[in-house]
Amino acid sequence: MADDKTMIHLSLDDVRDLAYRVLRRHGLGEAHVPLVAETIVAGERDGCAAHGVYRLTNCIRTLETGKVNPHAVPRIVPAAGAVVRVDADGGFAQAAFDQGLPLLVEKAQAHGIAILAINHCVHFAALWPEIEAVTAHGLVALACTPSHAWVAPAGGTAPLFGTNPIAFGWPRPDRDPYVFDFATSAVARGEIELHRRAGKPIPEGWTIDAQGNPTTDPEAGLAGALLTFGGHKGSALSTMVELLAGPLIGDMTSAESLAHDDGALASPYGGEIVIAIDPAGILGEAAAAHIARAEALFEGITGQGARLPSERRFAARRRTPAEGVTIARELYEELTRTA
Ligand code: NDP
Ligand code: PYC
């Protein structure tokens with residue numbers, strides 16, 4: 096893979112080195128650096144450019160504006176039954192998730208289902224790393240988090256919802272898990288930002304401008320509002336994300352997160368909910384046989400030429416350790432100047 100004027104080729108170790116240097120240079124505490132950096136590396140490794148190296152620009156902005164606690168010490172808050180609560184102490188979500196995961200798994204195995212509620216965190220990342228951390232324990236996983244109010248409800252024109260991702264994972268014996276992870280907006284805002292940086296128009300149906308008119312100009316779309324995917328259906332799912340990972344766990348909606356941001360243009364602040372389900376808690380010894388039956392469903396999808404979500408990502412994961420990745424030269428130079 097050759098460099099050209101607009102793109103530069105990097106190994107995953109180059110990406111890792113860049114992420115560590117940038118995060119340290121901007122004051123992120125040592126307890127957080129590896130966790131945040133590995134999220135960035137994983138994004139590039141899996142071919143998710145909107146949540147790879149590009150996200151370092153958001154991390155920098157969030158650190159510089161004081162909208163994240165760089166030395167946060169997440170702590171588990173006492174909670175009864177199948178609930179795990181972690182106060183992220185205003186830090187990036189990765190350390191809080193790490194802190195809560197073992198107890199989430201333990202409680203899911205004890206009760207059949209458990210909920211991890213993370214509060215007071217900055218979440219800038221994709222959700223699939225967290226989903227895969229849960230499915231690795233043989234558990235079914237569901238996660239969501241609000242973001243900033245950037246998305247208009249279907250039928251409206253004013254930003255209210257976040258891009259509000261929903262991610263789901265299903266463990267598969269001896270295979271990559273079944274995972275989907277997508278924004279409830281037509282697309283993640285990061286994709287639009289990448290189009291803006293590259294000077295490329297965006298497809299129709301992603302955004303409206305500040306006057307409520309459809310636009311393919313990323314700048315105008317970012318200044319206006321993103322649209323939900325699937326019209327009223329994405330709108331309702333986005334509302335669900337606001338409720339589950341906002342008021343239900345005592346944390347912010349996307350509108351509240353944007354108000355908290357107060358023009359800083361930092362990453363979203365608030366809560367995340369992760370639900371883990373143990374099939375054995377429902378089915379006992381019969382669980383393995385029923386989990387195996389799910390394979391027929393997946394074969395029914397792939398057997399007709401369709402692909403499973405995450406297949407592209409897992410294929411990239413197998414390729415990039417040897418092949419490396421390419422990122423925009425301008426982005427690379429911007430980041431190395433600050434590292
Ligand atoms: P997409 O619209 O690309 O949807 C992504 C999901 O759909 C992936 O699971 C992807 O699998 C799958 N997929 C895509 N095309 C197909 C296809 N043809 N057949 C089957 N499955 C397909 O991504 P979004 O822009 O909606 O979201 C991207 C990321 O942004 C997510 O990881 C999300 O968590 C993140 N995000 C995070 C936010 C936050 O606040 N932390 C806010 C909003 C988004 P594959 O990867 O293999 O292509
Ligand atoms: O791309 O919409 C997005 C996003 C928001 C927070 C993290 N990613």
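Remember, my numbering sits 95 above the position in the sequence shown when you count from 1. For glycine and all other residues, C-beta sits at the position ideal for the given N, C-alpha and C.
Taking contact to mean 3 or more Cβ pairs, one atom from each stretch, closer than 8 Å, check whether the region 173-191 and the region 328-339 are in contact.
no
Beta carbon of Thr258: closer than 7 Å to some heavy atom of the ligand PYC?
yes
Rounding to the nearest angstrom, what Cα-Cα distance links Thr323 and Val136 in this structure?
Roughly 29 Å between the two C-alpha positions.
Check the C-beta distance from Gly124 over to Pro165 and give it rounded, since I have them as a contact under 8 Å.
5 Å
For the ligand NDP, is there any heavy atom lying closer than 7 Å to the beta carbon of Cys154?
no
DSSP state of Cys143, grouped into three classes?
coil
The ligand NDP heavy atoms versus the CB of Gly285: any closer than 7 Å?
Yes - the ligand NDP has a heavy atom lying nearer than 7 Å to the Cβ of Gly285.
Does the Cβ of His355 lie closer than 7 Å to at least one heavy atom of the ligand NDP?
no
At which residues does the alpha helix (DSSP H) containing Phe192 begin and terminate?
188-206
Distance, Cα to Cα, Phe277 vs Leu430?
27 Å
Nearest-angstrom Cα separation, counted from Ile213 out to Pro342
12 Å
Cβ-heavy atom distance between Ser330 and the ligand PYC below 7 Å?
no
From the DSSP output, read off the bridge partner residues of Arg170.
Asp182
Output the distance between the C-alpha atoms of Leu151 and Glu159, rounded to the nearest integer angstrom.
12 Å
Other residues of its chain near Gly300: CB distance less than 8 Å, five sequence neighbours each side excluded:
Ala281, Pro309, Leu322
Candidates Glu201, Pro268, Pro272, Ala315: closest to Val291 by CA position
Inspection of the sequence shows that residue 291 is occupied by Arg rather than by Val. Measuring from the Cα of Arg291, the nearest candidate turns out to be Ala315.
Per DSSP, which one or two residues make a beta bridge with Tyr364?
Answer by DSSP bridge pairing, in chain order: Val217.
Considering just the uninterrupted stretch of the beta strand (DSSP E) at Glu273, what are its terminal residues?
Sequence inspection shows Tyr at residue 273; the Glu mentioned does not correspond to that position. Where Tyr273 is concerned, the enclosing beta strand (DSSP E) stretches over 273-277.
Taking its Cβ as the centre, do 16 or more other Cβ atoms sit within 10 Å of Lys162, making it buried, or is it exposed?
Buried, by the Cβ-count rule.
Three CB pairs or more closer than 8 Å across the region 361-375 and the region 224-243:
yes
For the beta strand (DSSP E) that contains Gly264, what are its first and last residues?
261-265
Per DSSP, cross-strand counterpart(s) of Met102:
Ala423
Beta-ladder partner(s) of Ile155, from DSSP
The partner list for Ile155 (beta bridge, DSSP) is empty, contrary to what the question assumes.
Does the beta-carbon of Ile396 have 16 or more other beta-carbons within 10 angstroms, so that it is buried, or is it exposed?
exposed
Coil, strand or helix - Phe462 by DSSP:
Here the chain covers residues 96 to 434 and nothing more, so residue 462 does not appear.
Expressed to the nearest angstrom, what Euclidean distance is found between the alpha-carbon atoms of Ala387 and Ile303?
44 Å
With 16 other Cβ atoms within 10 Å as the buried cut-off, status of Thr134
buried
Name the two residues that bound the continuous alpha helix (DSSP H) containing Val117.
107-120
Hey, is the region 200-212 in contact with the region 243-258, meaning 3+ C-beta pairs nearer than 8 Å?
no
Verify the CB distance criterion: does Val229 have a CB-CB separation below 8 Å to chain D?
No chain D is present in this structure, which holds just one protein chain.
Using three-state DSSP, classify Pro439 as helix, strand or coil.
Since the first and last residues shown for the chain are 96 and 434, residue 439 lies out of range.
Does the Cβ of Ser405 lie closer than 7 Å to at least one heavy atom of the ligand NDP?
Residue side-chain check: Ser405 places its Cβ nearer than 7 Å to a non-hydrogen atom of the ligand NDP.
Residues of its chain near Ala359, where Cβ-Cβ distance is below 6 Å and the 5 sequence neighbours each way are ignored
The answer, listed in chain order, is Thr160, Lys162.
Candidates Glu351, Asp271, Val179, Pro416: which alpha carbon is nearest Asp224's?
The sequence shown places Pro at residue 224, rather than the Asp named in the question. With distances taken between Cα atoms, Pro224 lies closest to Asp271.
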